[in-house]
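Enquirer:
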Amino acid sequence: MGNAATLSCQFELEKATLYSVRWYFEGEEFYRFVPKESPPARTFPVSGITVDHPTCSAGSKI
């Protein structure tokens, strides 16, 4: 079993609108946050990655 990590994304958009945040591991997308989608946060199965999905949201850490 690998080590746990906490990932966070902080940004300042000023007057712009956030379109999406996407995270990849070895070229494969494992997390996506798109505020205008329902639900806004999605996870994807990637070998070696486990995401605590219920805690993921805008401004949170995973």
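Number 19 in our numbering belongs to position 19 of the sequence shown; there are no gaps in the numbering.
From the three backbone atoms N, C-alpha and C, an ideal C-beta is built for every residue, glycine too.
1. What residues in its chain sit with their C-beta under 7 Å from that of K61, if we drop five residues either side in the sequence?
2. From which residue to which residue does the beta strand (DSSP E) around Y31 run?
3. Here's the rule: buried if 16 or more other CB atoms are within 10 angstroms of the residue's CB, otherwise exposed. What is F25?
4. Report the option in K15, Y31, A4 and A16 whose CA atom is closest to the CA atom of P45.
5. From the DSSP output, in three-state form, read off F44 for me.
Expert: Checking against the coordinates, here is how it stands:
1. Note on K61: pLDDT 46, under 50, position unreliable in the model; the coordinate value appears next. Excluding positions up to five away in sequence, the list reads T6, L7 and S8.
2. Residues E28 to F33.
3. With a 10 Å radius around the Cβ and a threshold of 16 neighbouring Cβ atoms, F25 comes out exposed.
4. The shortest C-alpha separation from P45 is found at Y31.
5. Coil at F44, not helix or strand.
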